[in-house]
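Chains as they are written, first to last, in the numbering used here: chain Z, 3 to 118; chain E, 291 to 402. For each residue, glycine too, the CB sits at the ideal point set by N, CA and C.
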């Protein structure tokens, strides 16, 4: 079974630009979550999508947005990039989560974004 | 708010030594899940274990073992007879609905 895939793996942008990252979950997984990893802040939750609906959102500005398609593939977009957005962006998929019943999340290799 | 504390930041051991990675968590939920992930230099987070709050049984998987103690809000991870391939960053995480709250991670270096 193929794992979580993320494209592109590396990206270099300049301040003010916008960027779109893509994530394809494990086949059959309907929940997709996004995380930002930086040396200073560690791993921080961005948002989670399930059946094309955003179910949970972290404390990030509105410049960070996402969506999920009917095939469970997800994209996240960052507009008006800032230097501080340089990070490893990780996508994770899981079978489902219902209330407090939780399935483990499987992570992709990440997209390393550098903002110059 | 949920919180995960991994007080150790870096640990260095010689191969074949046993090493324990500590994790302390805070939550007001009565039902929750705890996780350990490994992040090798390649960057991908690898799932190691999930434990729910109602199951305090310790678990052993090969050289890995986990000790969950609800009374002290701890979920510690021990690697027995460490190997160079165990060198990685290890994260403890706590679930809150569909969100994982991670600790800062522990960098483990295993020297030959």
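| Check | Outcome |
| --- | --- |
| When DSSP builds the beta bridges, which residues end up paired with residue 298 of chain E? | None, per the DSSP bridge assignment. |
| Taking all protein chains shown into account, do 16 or more other C-beta atoms lie within 10 angstroms of the C-beta of residue 374 of chain E, making it buried, or fewer, making it exposed? | exposed |
| Could you check if residue 14 of chain Z is buried or exposed, using at least 16 other CB atoms within 10 Å of its CB as the buried criterion? | exposed |
| Per DSSP, residue 44 of chain Z forms a beta bridge with which residues? | Z/40 |
| Below 9 Å between beta carbons is the criterion; list the residues of the region 382-401 of chain E that meet it against any residue of chain Z, in chain order. | 383, 385, 386, 387, 388, 389, 390, 391, 392, 393, 394, 395 |
| In the region 327-338 of chain E, which residues sit with their C-beta less than 9 Å from some C-beta in chain Z, listed in chain order? | 327, 329, 332, 333, 334, 335, 336, 337 |
| Chain Z partners of residue 340 of chain E, CB-CB under 7 Å? | 106 |
| Ignoring anything shorter than 3 residues, give me the beta strand (DSSP E) runs that lie fully in the region 318-349 of chain E, in order along the chain. | 323-329, 336-342 |
| Buried or exposed: where does residue 369 of chain E fall if 16 or more other Cβ atoms within 10 Å of its Cβ makes it buried? | buried |
| Whose C-beta lies closer than 8 Å to the C-beta of residue 298 of chain E among residues of the same chain, with five residues either side of it excluded? | 311, 312, 396 |
| How long is the line joining the alpha carbons of residue 56 of chain Z and residue 293 of chain E, rounded to whole angstroms? | 23 Å |
| From which residue to which residue does the beta strand (DSSP E) around residue 365 of chain E run? | 364-369 |
| Would you say residue 45 of chain Z reaches chain E, if we count a Cβ-Cβ gap shorter than 8 Å as a contact? | yes |
| Which residues, taken in chain order from the region 51-78 of chain Z, show a beta carbon closer than 8 Å to some beta carbon of chain E? | 52, 57, 58, 60 |
| How far does the beta strand (DSSP E) with residue 114 of chain Z in it extend, from its first residue to its last? | 113-117 |
| To the nearest angstrom, how far is it from the Cα of residue 399 of chain E to the Cα of residue 295 of chain E? | 20 Å |
| Give a yes or no on whether the minimum CB-CB distance between residue 33 of chain Z and chain E is below 8 Å. | yes |
| From the DSSP output, read off the bridge partner residues of residue 58 of chain Z. | Z/50 |
| Is there contact here, the region 320-331 of chain E with the region 379-389 of chain E, by at least three beta-carbon pairs under 8 Å? | yes |
| Assuming residue 343 of chain E contacts residue 315 of chain E under a Cβ cut-off of 8 Å, what Cβ separation, rounded to an integer in Å, is found between them? | Actually they are not in contact, since the Cβ atoms of residue 343 of chain E and residue 315 of chain E sit about 10 Å apart, beyond 8 Å. |
| Counting only Cβ pairs nearer than 7 Å, list the residues of chain A close to residue 325 of chain E. | Protein chains in the displayed structure are Z and E, and chain A is not among them. |
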